[in-house]
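What follows is a set of notes on a single structure, which appears directly below.
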Amino acid sequence: MALRTERDEGTGVALVTLDRPDRLNAVDLATADELAAVWRAFRFDDGVRAVVVTGAGGRAFCTGIDRGVDVPQPSSPYTIDDPLIAIGPKANDLWKPVIAAVEGMACGGAFYLLGEAEFVIASEGATFFDPHTTYGMVSAYETISMAQRMPFGEVARMSLMGTAERVSARRAYEIGLVSEVTEAGGAVAAALRAAEVIASYPTAAVQGTVRAVWSAKEAARARAMAHAPHLIALGNLPPEQQAELFRGRSRSRSQDGDGSSSRDGGGSGGRGGFRTR
């Protein structure tokens, strides 16, 4: 199992942990299915009243889709199969509050999870970035999700700068992506404390409030998401060219002494020539 789920019956809080630290918690197809299943299961579990989602190992919250995943695509530019589209709680009709606790990197497909959390708590060493354009891919679903919680110029800069720049936890707090910054290693504990408070309140009132907050966002988000498939289909480089860009950057990191490509785990979150702001 690539997902670890723990429940505290006393507080009504569940902790969901992406448990692929050797792959920097990148999501493969099995993990995507597990995430969707756990969110659906929580809908029917009255003992779970609030949820914290995080990543194991401390190096990364999540680095998006595992680069080893092969997802065949239809030929039409108006449709696309995205294996991460249903990994978030809202995509699975879960309206219990979810808090994301970020340690280390959160990039690319991680935004499917961050974008569907009620709020994000990050440790001081957390960083956020979107590698899509670097590797010849359109950032559509991720950017649309982040545009709901970041100023336009900030999300545009992050999505266009690719791997050249990372947003620090402090900067993420300043622009509203993160609601609290903790000391290193403290994000999960802080998120659990907040979740325990929320879980202690009447469930119907909490879920109604979650729905109200999201209703303010959903109309614009739904229209934007409808455009995403053909933007991706029209703008993405062919997979073999994406792979060559990825291999080229991995070789460059090795030559620069930043470690072998295995440090990238499964996603696109490896270290290399970047600046943090």
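Residue numbering for the sequence shown follows the numbering used here, starting at 1103 and increasing by one per position. Glycine is no exception: its CB is placed at the ideal position from the N, C-alpha and C atoms.
Cross-strand partners of residue i (DSSP beta bridge)
i            : result
residue 1270 : 1229
residue 1157 : 1120
residue 1105 : 1120
residue 1284 : 1225
residue 1167 : 1129
residue 1110 : 1115
residue 1313 : According to DSSP, residue 1313 bridges with nothing at all.
residue 1389 : Any property of residue 1389 remains undetermined from this structure, which presents the chain solely from 1103 to 1379.
residue 1162 : 1207
residue 1378 : 1268
Length of the line joining the Cα atoms of residue i and residue j
i            : j            : result
residue 1367 : residue 1119 : Its pLDDT being 42, under 50, residue 1367 is placed unreliably by the model, and the measurement read from it follows with that caveat. The straight-line gap from Cα to Cα measures roughly 17 Å.
residue 1232 : residue 1168 : 15 Å
residue 1240 : residue 1189 : 19 Å
residue 1260 : residue 1269 : 8 Å
residue 1208 : residue 1314 : 27 Å
residue 1284 : residue 1201 : 14 Å
residue 1242 : residue 1211 : 11 Å
residue 1150 : residue 1115 : 6 Å
residue 1170 : residue 1343 : 15 Å
residue 1248 : residue 1148 : 30 Å
residue 1238 : residue 1345 : 9 Å
residue 1164 : residue 1128 : 6 Å
residue 1160 : residue 1206 : 6 Å
residue 1273 : residue 1177 : 40 Å
residue 1181 : residue 1312 : 30 Å
residue 1137 : residue 1187 : 11 Å
residue 1264 : residue 1235 : 6 Å
residue 1111 : residue 1316 : 27 Å
residue 1340 : residue 1303 : 50 Å
residue 1109 : residue 1226 : 26 Å
residue 1146 : residue 1184 : 26 Å
residue 1320 : residue 1257 : 18 Å
residue 1347 : residue 1338 : 13 Å
Check whether residue i and residue j have beta carbons under 8 Å apart
i            : j            : result
residue 1162 : residue 1126 : yes
residue 1104 : residue 1154 : no
residue 1267 : residue 1351 : no
residue 1308 : residue 1199 : yes
residue 1294 : residue 1117 : yes
residue 1271 : residue 1224 : yes
residue 1106 : residue 1124 : no
residue 1300 : residue 1152 : yes
residue 1213 : residue 1244 : yes
residue 1292 : residue 1282 : yes
Cutoff 8 Å: residue i Cβ touching any chain D Cβ
i            : result
residue 1218 : In the structure shown, chain D does not exist; there is a single protein chain.
Mind the definition here: the segment 1275 to 1291 touches the segment 1242 to 1260 only if three or more C-beta pairs lie below 8 Å; say whether that holds.
By the C-beta criterion, the segment 1275 to 1291 is judged to be in contact with the segment 1242 to 1260, since at least 3 inter-stretch pairs fall below 8 Å.
What ranges does the alpha helix (DSSP H) occupy inside the segment 1204 to 1254, keeping only unbroken runs of at least 4 residues that lie completely in it?
Counting whole runs of 4 or more residues, the segment 1204 to 1254 contains the alpha helix (DSSP H) stretches 1212 to 1216 and 1243 to 1249.
Just checking, does the segment 1134 to 1154 make contact with the segment 1183 to 1200 on the three C-beta pairs under 8 Å criterion?
At 8 Å Cβ cutoff, the stretches touch.
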